[in-house]
Each structure stands twice: as structure tokens, then as C-alpha cells.
Amino acid sequence: MVKCAECGQTFGSTQALSSHVRNVHGVGPKTENQVESDNGILDLKK
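Residue numbers (UniProt numbering): 1 to 46.
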């Protein structure tokens, strides 16, 4: 289990944690027109 340093929530994998941090806390690489999901990157421009 890994724990989010920002809010203390725990996750089963570092990938889940990094997705949470990026989506909830807005930290990490992010582009204007793309959102990362569990299955990869979705292009929102379509």
C-alpha cells in the first residue's frame, strides 16, 4: 500500500497513487487537451 502525502488516502499501487495525485491535487505532467485514465490517455479534442 502507498499513501498520498497530500491527503493521507492509501492506494494499492504507485500507479493508482500517481493518478490520484495528478487528478485530485493537480500535481505532475498535465497537458491542456488530454486527461489520463486508467487505460491510457484520452484525447478530448475529438
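Glycine included, C-beta positions come from ideal geometry on N, C-alpha and C.
Note that the structure is predicted; figures quoted are calculated from it, not measured.
No residue range can be given for Gln9, since it is assigned to no alpha helix (DSSP H) and is classified by DSSP as neither H nor E. The beta-carbon distance between Met1 and Gly12, rounded to whole angstroms, is 6 Å. This is short enough to meet the 8 Å contact definition. When DSSP states are grouped into helix, strand and coil, Val21 belongs to the helix group.
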